[in-house]
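Trainee: Submitted below is the structure of interest, expressed as structure tokens.
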Ligand SMILES: Nc1ncnc2c1ncn2[C@@H]1O[C@H](COP(=O)(O)OP(=O)(O)OP(=O)(O)O)[C@@H](O)[C@H]1O
Ligand SMILES: [Mg+2]
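Chains as they are written, first to last, in our numbering: chain P, 748 to 1020; chain C, 1017 to 1298.
Right, dumping it as structure tokens:
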């Protein structure tokens, strides 16, 4: 049970390599490592030539204020992503419920909303919240102006992901629960949904990663997220490449942590494949 | 109501039941009464409607016309009343259908706690007794996927018994099992029968049917063609259809000691179209 996931997937895809295949794999590894180093060498050389590694592009990273500023941006990103993620999960859940309901009109409405949110680019929703909503006299803090459109954009996919999970639960589970005298909604809450969510945790996390990335549009609504603050640093120090590199690494770390979280959650829920 | 009168009301009663799947007349004027403590075994060729009949009894399949009564009460169409009647009829499926995300113990205590509001301590106590009875108490904290098919099916029986049902339905309870696990499940079913449970069993295990049944129902193309005692049915089937069906099986004429029969005969004869006897001829 504690076997690493990657290994078991490889065992499914390929048979165990023999001695000749092992030699070939080793050669390929060495060759690709060499090519990677070569690429890195050319990148660094190009940076040197164009002066991107000059001290003036990097020295401000030694100042605590730079990091405090980036940290505030990171906090903003986490806030917007967390709020957007929660709203997306909740609204996706209800969209999914409507989609599998007994009432044809509800199913139809849910389908329209789902297709609508899936088909429109996130940026359009953000502009809607930035330009159109204020015209109705609705005042909204910038955090919501970024979190809500990002959530709406993700909700349709969350709904479809959850629905695919519900459909993946064998119908015998429902029949067994009904035959024991459980009511339909109890069956859904206690038997169907807990299993469905286990099936789709990886897909849900993938969608949350997209939510995190979509919050980088926050500059449109002047919400100080990581990207927005990075832009300020760039114009202050006239240092485009170094700042973007650092910010990219921070985004990668956030999303990597999200993925670890999903693995952790999956293992906590004693999934049996 | 005095007990003598209640005992005369059939626990399961089907009256003029009709059901279609599109053009297919899958249940054709079915009349069936199962008395308290009676064990009725349904046999018949594949596609004859045995599973469908079994599933209509707790309304996992709806019917087009006719009446189904459980202990004299007509099956409600929906809602809490339907759930209550369902909770009085236990069902064991071919594919076990244990709740995959729950431990064995949780599988057994779930319905008593959530449907009957049994306090947890009592539900656990009863569950452990049941698990012990079916011989899987040492597996209580595992999840279903960690158990063998035979163990899972025994848990499924315990789970159904935990609701103290009036009657139990079995739809081919051993058809998904490896041959060596069939007997351990049949033994448990036989014990439950001996304790006086009212049962409706669909099975292809002819020797088991012969041993455990008070009455055999033979179905073909949605109709009940024969209804008789096991002796009468297996020794002198009345219809040509039943004779033809039985010729594909080798049914021992003697009452064998528990666990002495095999089920491989069915598969072998079905595939090869010949009679292979895995049981010693009496
Ligand atoms: N949901 C359904 N929709 C349409 N046809 C169905 C459905 N369920 C069963 N049938 C058909 O109804 C007929 C009876 O099916 P049923 O499962 O009751 O047969 P059975 O006697 O249990 O057969 P087996 O021994 O193979 O289990 C079959 O022809 C089957 O194809
Ligand atoms: Mg069947």
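Quick reminder that beta carbons are idealized off the backbone N, C-alpha and C, glycines included.
The model shown is predicted, which means the values in this text are computed figures rather than measured ones.
Leaving aside the five residues before and after residue 847 (chain P) along the sequence, list all residues of the same chain whose C-beta is less than 8 Å from its C-beta, in chain order.
Mentor: On the first chain, residue 847 (chain P) is found 100 positions in, with the first residue counted as 1. Taken in chain order, the residues that qualify are 854, 910 and 913.
Trainee: When you get a sec, list the residues whose CB is within less than 5 Å of any heavy atom of ligand 1, chain order please.
Mentor: That gives C:1037, C:1042, C:1062, C:1063, C:1064, C:1065, C:1066, C:1067 and C:1068.
Trainee: Counting only beta-carbon separations shorter than 8 Å, does residue 1184 (chain C) have a partner in chain P?
Mentor: Residue 1184 (chain C) sits at position 168 when you count from the first residue of the second chain. It does not: the Cβ of residue 1184 (chain C) has no partner Cβ on chain P nearer than 8 Å.
Trainee: So is residue 1168 (chain C) buried or exposed if we call it buried at 16+ other beta carbons inside 10 Å?
Mentor: Numbered from 1 along the second chain, position 152 holds the residue referred to as residue 1168 (chain C). Burial call: buried.
Trainee: How would you call residue 962 (chain P), buried or exposed, if buried means at least 16 neighbouring beta carbons within 10 angstroms?
Mentor: Along the first chain, read from residue 1 onward, the residue named residue 962 (chain P) stands at position 215. The residue is buried, with at least 16 neighbouring Cβ atoms inside 10 Å.
Trainee: Applying a beta-carbon distance threshold of less than 7 Å, which residues of chain C neighbour residue 949 (chain P)?
Mentor: Taking the first residue of the first chain as 1, we reach residue 949 (chain P) at position 202. Result: empty, since nearest Cβ-Cβ is about 17 Å, beyond 7 Å.
Trainee: If the cut-off is 7 Å on Cβ atoms, which residues from the region 906-930 of chain P count as contacting chain C, listed in chain order?
Mentor: If the cut-off is 7 Å between Cβ atoms, the region 906-930 of chain P has 919, 920, 922, 923, 925, 926, 927, 928, 929 and 930 near chain C.
Trainee: Can you grab the Cα-Cα spacing for the pair residue 1224 (chain C) / residue 1172 (chain C), in whole Å?
Mentor: Along the second chain, read from residue 1 onward, the residue named residue 1224 (chain C) stands at position 208. Along the second chain, read from residue 1 onward, the residue named residue 1172 (chain C) stands at position 156. Their backbone Cα atoms lie some 19 Å apart in a straight line.
Trainee: Since residue 1059 (chain C) sits in a beta bridge, which residues does DSSP pair it with?
Mentor: For the purposes of this step, residue 1059 (chain C) is taken as residue 43 along the second chain, with counting starting at 1. Paired residue(s): C:1234.
Trainee: For a cutoff of 8 Å on Cβ pairs, would you count residue 1096 (chain C) as touching chain P?
Mentor: Walking along the second chain from the start, residue 1096 (chain C) turns up at place 80. At least one chain P Cβ lies under 8 Å of residue 1096 (chain C).
Trainee: Are residue 966 (chain P) and residue 974 (chain P) closer than 8 Å when you measure CB to CB?
Mentor: By 1-based counting over the first chain, the position of residue 966 (chain P) is 219. By 1-based counting over the first chain, the position of residue 974 (chain P) is 227. Going by C-beta atoms, residue 966 (chain P) is nearer than 8 Å to residue 974 (chain P).
Trainee: Check whether the Cβ of residue 1037 (chain C) lies closer than 8 Å to any Cβ atom in chain P.
Mentor: Translated into the one-based positions of the second chain, residue 1037 (chain C) becomes position 21. Not closer than 8 Å to any Cβ of chain P, the Cβ of residue 1037 (chain C) fails to qualify, so no.
Trainee: From the DSSP output, which residues share a beta bridge with residue 1240 (chain C)?
Mentor: Here the question's residue 1240 (chain C) lines up with position 224 in the second chain. Partner(s): C:1235.
Trainee: Measuring only the C-alpha atoms, how far is residue 1250 (chain C) from residue 1102 (chain C)?
Mentor: The count along the second chain starts at 1 and reaches residue 1250 (chain C) at position 234. The count along the second chain starts at 1 and reaches residue 1102 (chain C) at position 86. Using only the alpha carbons, I get a separation of about 33 Å.
Trainee: Using 10 angstroms around the beta-carbon of residue 763 (chain P), count the other beta-carbons present and answer buried if the total reaches 16, otherwise exposed.
Mentor: As a position in the first chain, residue 763 (chain P) is number 16, starting the count at 1. With fewer than 16 Cβ atoms within 10 Å of its Cβ, residue 763 (chain P) is classed as exposed.
Trainee: Please decide whether residue 811 (chain P) counts as near chain C, where near means a Cβ-Cβ distance under 8 Å.
Mentor: Within the first chain, the letter at position 64 stands for residue 811 (chain P). Not closer than 8 Å to any Cβ of chain C, the Cβ of residue 811 (chain P) fails to qualify, so no.
Trainee: Please check if any C-beta of chain P sits within less than 8 Å of the C-beta of residue 1117 (chain C).
Mentor: Here residue 1117 (chain C) is taken as the residue at index 101 of the second chain, counted from 1. It does; some Cβ of chain P falls within 8 Å.
Trainee: Assuming residue 1083 (chain C) is part of the beta strand (DSSP E), what are its boundary residues?
Mentor: The residue given as residue 1083 (chain C) occupies position 67 in the second chain. Unbroken beta strand (DSSP E) run through residue 1083 (chain C): 1081-1086.
Trainee: Can you give me the C-alpha to C-alpha distance between residue 823 (chain P) and residue 998 (chain P), rounded to a whole angstrom?
Mentor: Sequence index remark: in the first chain, residue 823 (chain P) carries index 76 (1-based). Sequence index remark: in the first chain, residue 998 (chain P) carries index 251 (1-based). For residue 823 (chain P) and residue 998 (chain P), the distance between alpha carbons rounds to 13 Å.
Trainee: Ends of the beta strand (DSSP E) at residue 1183 (chain C)?
Mentor: For the purposes of this step, residue 1183 (chain C) is taken as the residue at position 167 of the second chain. Run containing residue 1183 (chain C): 1183-1187, per the beta strand (DSSP E) assignment.
Trainee: Are the region 1234-1244 of chain C and the region 1190-1202 of chain C touching by the rule of at least three beta carbon pairs closer than 8 Å?
Mentor: Contact fails: fewer than three Cβ-Cβ distances are below 8 Å.
Trainee: Run through the DSSP bridge pairs and tell me what residue 1036 (chain C) is partnered with.
Mentor: As a first step, residue 1036 (chain C) is located in the second chain; it is residue number 20 there, counting from the start. Per DSSP, C:1041.
Trainee: Just to check my reading of the structure: residue 908 (chain P) and residue 870 (chain P) have Cβ atoms closer than 8 Å, yes? What is that Cβ distance to the nearest angstrom?
Mentor: Taking the first residue of the first chain as position 1, residue 908 (chain P) is located at position 161. Taking the first residue of the first chain as position 1, residue 870 (chain P) is located at position 123. Not a contact, Cβ separation roughly 22 Å.
Trainee: Measure from the C-beta of residue 767 (chain P) to each C-beta in chain C and report whether the shortest distance is under 8 Å.
Mentor: Counting from one through the first chain, the residue named residue 767 (chain P) turns up at place 20. No, residue 767 (chain P) lies away from the interface with chain C (no Cβ there is under 8 Å from its Cβ).
Trainee: From residue 1088 (chain C) to residue 1054 (chain C), what distance separates their C-alpha atoms?
Mentor: Residue mapping note: residue 1088 (chain C) aligns to position 72 of the second chain, counting from 1. Residue mapping note: residue 1054 (chain C) aligns to position 38 of the second chain, counting from 1. Going from the Cα of residue 1088 (chain C) to the Cα of residue 1054 (chain C) covers about 16 Å.
Trainee: Are the C-beta of residue 1225 (chain C) and some C-beta of chain P separated by less than 8 Å?
Mentor: For the purposes of this step, residue 1225 (chain C) is identified with residue 209 of the second chain, where counting begins at 1. For residue 1225 (chain C), the answer is no, since every Cβ of chain P falls outside 8 Å of its Cβ.
Trainee: By the three-class DSSP mapping on this structure, what secondary structure does residue 1090 (chain C) have?
Mentor: Here residue 1090 (chain C) corresponds to residue number 74 of the second chain, with the count starting at 1. Of the three classes helix, strand and coil, the one that applies to residue 1090 (chain C) here is strand, per DSSP.
Trainee: Could you pull out every residue in the same chain whose Cβ sits closer than 6 Å to the Cβ of residue 781 (chain P), ignoring the five residues on either side in sequence?
Mentor: Numbered from 1 along the first chain, position 34 holds the residue referred to as residue 781 (chain P). Nothing meets the Cβ criterion.
Trainee: Considering only the alpha carbon of each residue, which of C:1081, C:1111, C:1108 and C:1075 lies closest to residue 1094 (chain C)?
Mentor: As a position in the second chain, residue 1094 (chain C) is number 78, starting the count at 1. When each option's Cα is compared against that of residue 1094 (chain C), the closest is C:1075.
Trainee: On the DSSP letters alone, give me the boundaries of the alpha helix (DSSP H) that residue 813 (chain P) sits inside.
Mentor: Locating residue 813 (chain P) in the first chain gives position 66, counting from the first residue. From DSSP, the alpha helix (DSSP H) with residue 813 (chain P) extends over 811-846.
Trainee: Work out the CA separation of residue 904 (chain P) and residue 1265 (chain C) for me, nearest whole Å.
Mentor: The residue given as residue 1265 (chain C) occupies position 249 in the second chain. The residue given as residue 904 (chain P) occupies position 157 in the first chain. Going by the C-alpha atoms only, they are around 54 Å apart.
Trainee: Going by DSSP in three states, residue 1047 (chain C) sits in which element: helix, strand or coil?
Mentor: In the second chain, residue 1047 (chain C) corresponds to position 31, counting from 1. The answer is strand: DSSP assigns residue 1047 (chain C) an E or B state.
Trainee: Just list the residues that DSSP pairs residue 1214 (chain C) with in beta bridges.
Mentor: If you number the second chain from 1, residue 1214 (chain C) lands on position 198. The partner list for residue 1214 (chain C) (beta bridge, DSSP) reads C:1183.
Trainee: Decide if the region 893-904 of chain P is in contact with the region 821-838 of chain P; the criterion is three or more beta carbon pairs, one per stretch, under 8 Å apart.
Mentor: With a cut-off of 8 Å, the region 821-838 of chain P and the region 893-904 of chain P count as touching, because enough Cβ pairs lie within range.
Trainee: May I have the straight-line CA-CA distance separating residue 1271 (chain C) from residue 1246 (chain C), to the nearest angstrom?
Mentor: In the second chain, residue 1271 (chain C) corresponds to position 255, counting from 1. In the second chain, residue 1246 (chain C) corresponds to position 230, counting from 1. Caution applies to residue 1271 (chain C), whose pLDDT of 48 falls short of 50 and renders its modelled position unreliable; the model cannot decide the point.
Trainee: State yes or no: is the C-beta of residue 1042 (chain C) within less than 8 Å of the C-beta of residue 1238 (chain C)?
Mentor: One-based indexing of the second chain puts residue 1042 (chain C) at position 26. One-based indexing of the second chain puts residue 1238 (chain C) at position 222. Yes.
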